[in-house]
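A short write-up of the structure that comes next.
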Amino acid sequence: MEYIKAFVVGGLICVIGQILLDHTKLTPAHILVSFLTTGVILGAIGVYKPLVDFAGAGATIPITGFGNSLAQGAIEGARTKGLIGAFTGGIEATGAGIAAIILFGYIIAIIFDPKTKD
Amino acid sequence: MDKLNKREYKEYAEKKMPKPPYVKNMIMAFIVGGIFCTIGQIILNLMKNNGLDEKMAAAGTAISMVLIGGLLTGLGVYDKIAKIGGAGAAVPITGFANSIVSPAMEFKREGFIFGVASKMFIIAGPVLVYGIGSSIIVGLISLLLR
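Protein chains in written order, with my numbering: chain A, 1 to 118; chain B, 119 to 264.
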């Protein structure tokens, strides 16, 4: 059941992105940035967390979940550490993913060469 | 050519352009996006079952998923998945990894600093700027509302 919920909710979030791709002039890069920012806003007003509780990875794996983690982290940081925490909280909450992709991304880009597109 | 003609031509050209197969695209985005999230859920459960708490398990899942996305991009597989899945490949965190590895590989010949390292952030840069920037604003607002 857990996996079905993750599949359906994650799939639906991607369908929203696909509709935007097909019906507007937005590129995948625009989608990434706008979904992330939407996630920050939804996380800030507290409506994204129920979705995470319901769908687990179905809500955290889409980039909106990354935005939600940033917002939740910043709010948590502000609550526990005050002004400084408002600055550090977001990155603290998402640091693992950001740090990993910087290192892995660099190494992978060095090792592999782009495939010729057909 | 005056303005009206240009506009008329544009309308004509748009009418003649082949429409994307909307429904098929939506179904494929649903399936591909759903599969990535299910893989994420499997990894998350594995981490939790090995005794990691909620936060550490989520961090471990994020690390694993960007590694998967990055490797599939390096192997040239992610491009193919993206061609089938559209937003289903772009929206999950693996798509974020793809947006970093893909230009970094592409621009490797421009050197390790201005090629690989700087091109990694063509798309990731804006994502981090808007994401981290807006999170700080959220934190500051939450301080004011307290």
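All C-beta atoms in this analysis are idealised placements derived from N, C-alpha and C, irrespective of residue type, glycine included.
Would you decide whether residue i is buried or exposed? Buried here means 16 or more other CB atoms lie within 10 Å of its CB.
| i | result |
| --- | --- |
| PHE230(B) | exposed |
| LEU83(A) | exposed |
| GLY169(B) | exposed |
| GLY46(A) | exposed |
| VAL141(B) | exposed |
| THR37(A) | buried |
| MET165(B) | buried |
| ILE157(B) | buried |
| ALA175(B) | buried |
| LEU262(B) | exposed |
| THR179(B) | buried |
Just checking my contact of residue i with residue j at CB under 8 Å: how many whole Å lie between their CB atoms?
| i | j | result |
| --- | --- | --- |
| LEU235(B) | SER217(B) | The identity of residue 235(B) in the sequence shown is Ala, whereas the question assumes Leu. Contact flag wrong, Cβ pair sits at about 15 Å. |
| GLY90(A) | SER253(B) | 3 Å |
| PRO136(B) | VAL33(A) | Not really, about 28 Å apart at Cβ, beyond 8 Å. |
| GLY194(B) | LYS115(A) | 4 Å |
| PHE87(A) | GLY257(B) | 7 Å |
Counting only the same chain and skipping the five closest in sequence on each side, list residues whose C-beta sits under 8 Å from that of residue i.
| i | result |
| --- | --- |
| PHE54(A) | LYS5, VAL9 |
| ALA200(B) | ALA207, ALA208, GLY213, ASN216 |
| GLU2(A) | GLY56 |
| LEU246(B) | PHE239 |
What residues in its chain sit with their C-beta under 7 Å from that of residue i, if we drop five residues either side in the sequence?
| i | result |
| --- | --- |
| SER182(B) | ILE161 |
| PHE154(B) | PRO210, THR212 |
Near residue i, what residues of its chain come up, given a Cβ to Cβ distance below 6 Å and the 5 sequence neighbours on each side ignored?
| i | result |
| --- | --- |
| ALA222(B) | VAL234, LYS237, MET238 |
| PHE148(B) | none |
| GLY204(B) | ASN143, ALA147 |
| LEU70(A) | VAL40, GLY90, THR94 |
| PHE35(A) | ILE63, THR64 |
Would the beta-carbon of residue i be found less than 7 Å away from any heavy atom of the ligand NAD?
| i | result |
| --- | --- |
| THR38(A) | As far as ligands go, the structure on display features none, and thus does not contain the ligand NAD. |
- request: Please go through the region 1 to 80 of chain A and give each complete alpha helix (DSSP H) segment of 4 or more residues, from N-terminal end onward.
  value: 2 to 23, 28 to 44, 48 to 55, 57 to 60
- request: Would you be able to state if there are at least three C-beta pairs under 8 Å between the region 34 to 51 of chain A and the region 224 to 239 of chain B?
  value: no
field: the region 201 to 218 of chain B / the region 47 to 67 of chain A touching (three or more Cβ pairs under 8 Å)
entry: yes
field: Three-pair Cβ contact test at 8 Å for the region 71 to 78 of chain A versus the region 188 to 197 of chain B
entry: no
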